[in-house]
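Working notes, beginning with the structure itself.
Chains as they are written, first to last, in the numbering used here: chain P, 1 to 276; chain S, 277 to 552.
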């Protein structure tokens, strides 16, 4: 059997401190190849480059690790890995360690998590790691221990299919971290606070800012875990179907609906009259 | 009670034929405001603009509809609507009609669906519509009838909370559409086929291309519906948690895990030794 092949990527860019911490730990578990954006791609969500071509350059990452800087998005990096660089699927994709949390609803905006999701879509086990510290020189020493523990578990117990793991780490020294909890995504959202400015030509422009608002009292959520000194692990679905709502939408009169002019040729349509 | 306020957006850009079809039908149900990207944003996923400011310009949309072209992503447009233009939440957000399907896994890459998701995150009922025709001059006449039927149902029966509806329409004349089915998202993915080219300076670059591969035999999926002449409606979750896998991840030894050097101060940690 060939050596375990681990792809490491992120959204902060290939020169971020967090991806170096992640690659260093990953190397204990197999051969590591780094493919990451050549510039910061935070907030990039699951964007892919459909209207511009992609560039890829070898990057002097250090530690004897093969690395490539990609001009595209985090999701592009995972696609380029399989399609252009590795010519096979990796055995595991790790994304991060992100400079800043990606808990709750941020999973949808995060390029870090989208790279991990892209791997899950391709059928490859994957995880995204994020530390609650935005600063460029954040301390990843506790994160390295958490990554190590999670990877030991992954290689021993396995990870469920068709998901990725969203792992968020509080900004605490290792000895103050209380443990690791498996959590659900907290309900919450970013409340927009746009800042309007006027450019030198007298035209307005807006900066998107916001503050996170938690709408969830649960103690089983990722936000609760982080605020209470735990690392959170949330399994994230690639099946976005809201299965529990299928019966409610099925109450709609759809199959029996309403196109008078085609009723003759399609007798399963019945006119639908909304109430006045 | 004030008039129903409907925000219309898309990812193909404010001058696309599909958004005009959607706004025209939406106008039957309330006051319509259009805020859409000033350029095509396909494949943009749930990207938001965190590192560049946003511009917004009134746009001559016609039909007496207030419209604004935004320099940002589809998700930005929804944020700008609430935060800058409307100063209130709309009652409904409609996105599309997209030129091209957004069924199955494409929900994650689609800017159209991300605008609808963004509305759901803000607690606003929302729907994304997509037609299985990429061409700029696609025929949206059947789509207009489908939008009308769906909106009648929404205003009569309501739509579940914390979801958005992903509605895909086959490329068929109205009289050949067999009906509308409530579906789950089909398992499938885009298989990358990168095309390598060499620029005039001798350097390689890659175009991302791909073909869709269905990994799902079900007859209850969106892809099955479209391939068999039905419109599909898939409710899409904003809770990405893979709830069904929580027990499996909980089998991991996490709470009891393993940091020898902190065992004294954190007695809930127990050393974990992976098998050789």
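Every residue, glycine too, gets a C-beta built ideally from N, C-alpha and C.
Within chain S, no C-beta atom comes nearer than 7 Å to that of residue 219(P); the closest sits roughly 14 Å away.
Nearest Cα to residue 2(P) within the set 88(P), 43(P), 177(P): 88(P). DSSP places residue 465(S) in no alpha helix (DSSP H) but in the uninterrupted beta strand (DSSP E) bounded by 464-468.
Neighbours of residue 212(P) in chain S, taken as residues at a C-beta separation under 7 Å, are lacking, since the least C-beta distance is about 12 Å. Contacts with chain P at 9 Å (Cβ-Cβ) include residue 358(S). Under the rule that a run must span 3 or more residues, the beta strand (DSSP E) segments found entirely inside the stretch 281-344 of chain S read 281-285, 307-313, 332-334. Cβ contact annotation for residue 22(P) (same chain, cutoff 7 Å, sequence separation greater than five): 8, 94, 96, 97, 129, 147, in chain order.
The shortest CA-to-CA distance from residue 454(S) to any of 501(S), 524(S), 420(S), 354(S) is the one to 501(S). Taking 9 Å as the threshold, the shortest C-beta distance from residue 344(S) to chain P does not fall below it. Exposed is the label assigned to residue 473(S), since fewer than 16 other Cβ atoms lie within 10 Å of its Cβ. The C-beta of residue 201(P) comes no closer than 9 Å to any C-beta of chain S. Residue 374(S) has a beta carbon lying at 9 Å or more from every beta carbon in chain P. With contacts defined by Cβ atoms closer than 9 Å, residue 461(S) and residue 239(P) form a contacting pair. Of all residues in the stretch 33-50 of chain P, the ones placed with a Cβ closer than 8 Å to any Cβ belonging to chain S are 40, 42, 43, 44, 45, 46, 47, 48, 49, 50, in chain order. DSSP assignment within the stretch 421-468 of chain S yields the following whole beta strand (DSSP E) runs of 3 residues or more, N-terminal first: 439-445, 455-458, 464-468. Residue state for residue 522(S) is assigned as helix, using DSSP reduced to three classes.
Interface criterion not met: the Cβ of residue 405(S) is under 9 Å from no Cβ in chain P.
Of the other Cβ atoms in all chains shown, 16 or more fall within 10 Å of the Cβ of residue 319(S); this residue is therefore buried. For residue 114(P), the enclosing alpha helix (DSSP H) has its first and last residue at 111-121. If you keep only unbroken alpha helix (DSSP H) runs of at least 4 residues inside the stretch 66-95 of chain P, you get 74-80.
As a beta-bridge residue in DSSP terms, residue 221(P) pairs with 184(P). Contact annotation: the stretch 465-480 of chain S does not touch the stretch 428-448 of chain S, with fewer than three C-beta pairs closer than 8 Å.
Taking 9 Å as the cut-off, the Cβ atoms of residue 235(P) and residue 166(P) count as close. Residue 195(P) sits in a strand when the DSSP states are folded into three classes.
Between residue 34(P) and residue 75(P), the C-beta gap is not smaller than 9 Å, which leaves the two residues out of contact. Minimum Cα-Cα distance from residue 77(P) among the listed residues 496(S), 483(S), 401(S) corresponds to 483(S).
Contacts with chain P (Cβ-Cβ distance below 9 Å) from the stretch 361-373 of chain S involve no residue at all. Of the other Cβ atoms in all chains shown, 16 or more fall within 10 Å of the Cβ of residue 29(P); this residue is therefore buried.
Of all residues in the stretch 511-530 of chain S, the ones placed with a Cβ closer than 8 Å to any Cβ belonging to chain P are 511, 512, 513, 514, 515, 516, 517, 518, 519, 521, 522, 524, 525, 526, 527, 528, 529, 530, in chain order. Here residue 293(S) really is in contact with residue 416(S); their C-beta atoms are around 6 Å apart, less than 8 Å. In this structure residue 360(S) is in contact with residue 332(S), their Cβ atoms being roughly 7 Å apart against a cut-off of 8 Å. The contact set of residue 171(P) on chain S, defined by CB atoms closer than 8 Å, is empty, because the minimum CB distance reaches about 17 Å.
Of the candidates 280(S), 481(S), 469(S), 393(S), the residue whose Cα lies closest to the Cα of residue 362(S) is 280(S).
Checking the DSSP bridge columns, you'll see residue 212(P) partnered with 190(P).
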